[in-house]
Amino acid sequence: MVQQFLENQNLEPAYIQESSREEDLRANIEGLEDLPEEMEQGSYLYASRKIFTQDDFASLEKFSNQKVDVVNNSLIISTFKQPVPINTNSYGETLQANIFNSNSYVFWGKNEESNTLIFFQKFNDRTIYFNRSAVLLIFLNEKGEMVRYVQTMLIDEDEQEEKQDLIKAFDAVFNLYYNTTELSSGDKVTKTGLGYHNLTPLPNGVQVLAPTWNISVNNEKNYFVNAIEGLYYPRDDSSFLRETMVAFLKTLKGSKESTSLRVEFEASLSKIIESTIWGGEK
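Oh and the sequence shown: position 92 is 218 in the numbering used here, straight run, nothing missing.
Rendered as structure tokens:
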């Protein structure tokens with residue numbers, strides 16, 4: 127009895143402290159009452175860069191208004207013969223008519239500095255955040271029309287882990303508030319979403335993607351928290367976009383075959399990278 131009493135005494139301060147921290151969080155951060163309460167399940171996702179097949183090439187050749195090429199069988203580059211208007215509020219039909227497997231991508235945002243639309247691939251209706259192997263970048267002209275794009279895809283591996291309970295959105299916000307300096311008193315959580323973020327590449331080229339909470343704050347900033355381990359991933363659009371363009375440019379320069387489209391695309395990417403004043407996410 128004495129031992130049990132002492133154990134309860136030891137547990138009580140920790141419980142009170144945790145409860146107090148939750149109350150403090152609710153008092154300082156708005157929008158927590160709208161967070162999803164249900165327990166989500168998920169697992170680490172094993173995926174690799176898609177190698178496009180002859181059937182895929184045949185599908186690409188059906189886009190008559192484009193000059194299309196596939197670099198190293200994994201990187202689609204394309205230039206439109208005539209610019210194509212696009213409305214980011216209702217882009218579905220436009221993408222379907224012009225982009226391979228367009229329903230696998232979701233609009234993330236527009237980078238104003240480089241005049242580029244960013245689309246992330248989704249898997250099982252969950253967005254794969256900031257992954258250069260699962261992205262569609264559409265480059266616009268001064269009129270906001272599509273003039274060229276670059277595209278990659280991930281495919282899942284045959285063997286996957288069993289699903290497990292994920293931390294709730296509230297716990298993700300809790301970790302952001304107490305374990306980082308990102309959130310301030312008066313901030314409001316305006317949107318949450320559950321997707322994937324790259325954890326680590328394996329030696330065989332397979333990527334490990336972790337279930338990840340996207341926490342949108344004040345309709346301005348996005349934060350990413352591992353939904354299994356609670357770790358925070360600092361990301362911003364501009365850094366990702368520049369790093370991705372540089373990586374794609376390196377792929378183009380390193381390709382064994384040189385075509386007029388590849389030379390044109392290489393020059394275009396180089397110009398964007400060099401002329402853009404890159405900034406962090408606003």
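We put the beta carbon where it would ideally sit given N, CA and C, even for glycine.
Can you tell me which of the three DSSP states residue i falls into?
i: Asp182; result: helix
i: Lys317; result: strand
i: Tyr170; result: coil
i: Tyr217; result: coil
i: Leu105; result: Here the chain comprises residues numbered 127 to 408, so residue 105 is not present and cannot be evaluated.
i: Ser204; result: strand
i: Val332; result: coil
i: Arg252; result: strand
i: Ser342; result: strand
i: Asp291; result: strand
i: Asp150; result: helix
i: Leu132; result: Only weak support is given to the placement of Leu132: the predicted model assigns it a pLDDT of 36, under 50, and the question is left unresolved by the model.
i: Leu158; result: helix
i: Asn324; result: strand
i: Leu137; result: At Leu137 the pLDDT is 44, less than 50, meaning the model places this residue with poor confidence and gives no usable figure here.
Which whole-angstrom value is the C-beta distance of residue i and residue j, which I expect to be below 8 angstroms?
i: Glu166; j: Leu292; result: 5 angstroms
i: Thr220; j: Val210; result: 7 angstroms
i: Glu283; j: Tyr172; result: 4 angstroms
i: Val332; j: Ser174; result: 5 angstroms
i: Thr402; j: Glu239; result: 5 angstroms
i: Leu266; j: Asn241; result: 5 angstroms
For the beta strand (DSSP E) containing residue i, name the first residue and the last one.
i: Tyr275; result: Glu271 to Gln277
i: Asp195; result: Gln192 to Val197
i: Lys236; result: Tyr231 to Asn237
i: Ile264; result: Val261 to Leu266
i: Asn352; result: Lys347 to Asn352
i: Asp282; result: Leu280 to Asp282
Can you list, in chain order, the residues of its chain with a C-beta nearer than 7 angstroms to that of residue i? Leave out the 5 residues immediately preceding and following it.
i: Lys176; result: Ser200, Met279, Leu280 and Ile281
i: Gly380; result: none
i: Asp363; result: Gly235, Asn237, Ile244 and Glu407
i: Phe206; result: Asn191, Gln192, Met272, Val273 and Arg274
For the alpha helix (DSSP H) containing residue i, list its first residue and its last residue.
i: Thr370; result: Asp363 to Gly380
i: Asn301; result: Ala295 to Asn305
i: Lys176; result: Per DSSP, Lys176 belongs to no alpha helix (DSSP H) and is neither H nor E.
i: Phe391; result: Ser386 to Ser401
Leaving aside the five residues before and after residue i along the sequence, list all residues of the same chain whose C-beta is less than 6 angstroms from its C-beta, in chain order.
i: Asn154; result: Ser311
i: Leu256; result: The residue asked about is misnamed: residue 256 is Phe in this sequence, not Leu. Excluding sequence neighbours, Phe256 sits near Arg361 and Phe366.
i: Leu395; result: Met371 and Leu375
i: Arg258; result: Thr370 and Ala373
i: Asp160; result: none
i: Ile212; result: Thr220 and Met272
Near residue i, which residues of its chain fall below 8 angstroms by C-beta distance, leaving aside the five closest residues on each side in sequence?
i: Thr385; result: Asp195
i: Thr214; result: Phe233, Lys236 and Leu243
i: Leu158; result: Leu151, Arg152, Phe296, Val299 and Val315
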